[in-house]
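Numbering (our numbering), first residue to last: 4 to 266.
Here the structure is laid out as C-alpha cells; the discussion comes afterwards.
Following this line, the structure appears as C-alpha cells:
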C-alpha cells in the first residue's frame with residue numbers, strides 16, 4: 004500500500020507519545036527528578052547516584068555529548084591558571100578557520116610553573132564551528148576541550164555567536180561535572196606525565212651529583228698521589244747520590260826545638 008511506511012512510523016511515534024504518560028519508568032517527573040531533588044535515590048533515571056550527583060546543575064544531555072570548544076583553567080583566578088599558552092596550533096589546524104588568537108606581549112607565572120604567554124584574545128565563531136574536535140586533539144597543553152552546553156540561541160547571528168575569551172573560560176571542576184570519565188582520565192594522564200618528568204629530572208640530578216662526587220674523588224686521589232710522589236722523589240734522590248769522601252785529619256805543624264836542651 005502506498006504510504007504504509009509513513010503510517011507505521013507515525014504509529015511508533017504515537018505509541019511512544021502515549022507511553023510517556025502511562026509508563027511509570029518513562030514519566031518525566033520520575034526520570035529527571037534527580038535534577039532538582041536534594042535527596043537522590045540510589046538510582047536516578049538512567050544514572051546511578053554518584054553520576055547523578057555529578058550531572059546535577061549542568062546543562063549537558065549525556066556524558067558523551069559534544070557541542071562547542073571551551074578553554075580550561077585550574078583552581079584560582081581564570082587568567083592566572085588558564086592552561087592555554089597561545090601557541091596558536093588550534094587556530095592553524097581549524098578546518099573552517101573559526102578560531103582567532105592573539106598572543107600576549109608579556110608572560111605570567113601560573114601555578115608555580117615558569118612564566119608563559121597567555122591568550123590576550125581568544126575568539127571562536129560558533130556560527131562557523133563544525134564541532135570536529137580537531138582543536139582538542141592537537142592541543143599539547145590540554146587547554147581546550149568540548150563543552151556540552153547546547154542552549155546558545157541569540158537574535159544576533161554574528162555578534163551573539165562570537166564567543167570571547169571570558170565566555171570560553173571554564174574551570175576544570177566544571178569539566179569533571181559534564182565529562183567525569185574523560186576529565187578523570189585526562190587528569191590522570193597529566194599527573195602521570197608530570198610524575199614521569201619529575202622522576203626523570205631527579206634521576207638526572209642524582210646522576211649529575213654522582214658524577215660530580217666521582218670526579219671530586221678522582222681529583223682528590225690524584226692530588227694525594229702527586230703529594231706522595233713529591234715526598235718520595237727527594238728521599239730517593241738523596242739515597243741514590245754518592246756519599247762524600249771522609250775528611251782528612253788536620254796536619255799539626257812541628258814544634259820548634261829549643262837550643263841546648265831537650266824538648
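The beta carbon of each residue, even a glycine, is placed where N, CA and C say it ideally should be.
Predicted model, so just to flag it, every value in this text is computed and none were measured.
Check, Outcome
"Limits of the beta strand (DSSP E) - the one that residue 172 falls within", "172 to 174"
"At least 3 beta-carbon pairs within less than 8 Å: the segment 148 to 156 vs the segment 106 to 124", "no"
"Exposed unless 16 or more other CB atoms sit within 10 angstroms - verdict on residue 4", "exposed"
"Cutoff 8 Å; reference residue 144; Cβ partners in own chain excluding five residues on either side", "86, 87, 88, 90"
"Residue interval of the alpha helix (DSSP H) (run including residue 143)", "Looking at the DSSP string, residue 143 is not in any alpha helix (DSSP H), and its letter there is neither H nor E."
"Proximal residues to residue 157 (C-beta, below 7 Å), its chain only, five neighbours per side dropped", "163, 164"
"Where residue 203 falls: helix, strand or coil (DSSP)", "helix"
"Where residue 12 falls, given that 16 or more other Cβ within 10 Å makes a residue buried", "exposed"
"Beta-carbon proximity list for residue 133, same chain, < 6 Å, skipping 5 on both sides", "99"
"Buried or exposed (CB count within 10 angstroms, at least 16 for buried), residue 178", "buried"
"Straight-line gap, residue 107 to residue 195 (C-alpha atoms, nearest Å)", "30 Å"
"Alpha-carbon spacing of residue 127 relative to residue 167, whole angstroms", "7 Å"
"Distance CB(residue 110)-CB(residue 82) smaller than 9 Å", "no"
"Cβ-Cβ separation, residue 72 to residue 139 (assumed contact under 8 Å), whole Å", "7 Å"
"Proximity to residue 189 [Cα-Cα], best of 175, 201, 199", "175"
"Own chain partners of residue 172 with C-beta closer than 7 Å, once the 5 adjacent residues on each side are dropped", "74, 76, 81, 85"
"Status (buried if at least 16 other CB within 10 Å, exposed otherwise) for residue 181", "buried"
"Reduced DSSP category for residue 66 - H, G, I as helix; E, B as strand; rest coil", "coil"
"Proximity to residue 79 [Cα-Cα], best of 226, 113, 129, 232", "113"
"For residue 10, the first and last residue of its enclosing beta strand (DSSP E)", "Counting along the chain, residue 10 falls outside any beta strand (DSSP E), though it belongs to the alpha helix (DSSP H) covering 7 to 25."
"Counted within 10 angstroms of its Cβ, other Cβ atoms place residue 129 as buried (16 or more) or exposed", "buried"
"Among 161, 199, 198, 23, nearest to residue 131 - alpha-carbon criterion", "161"
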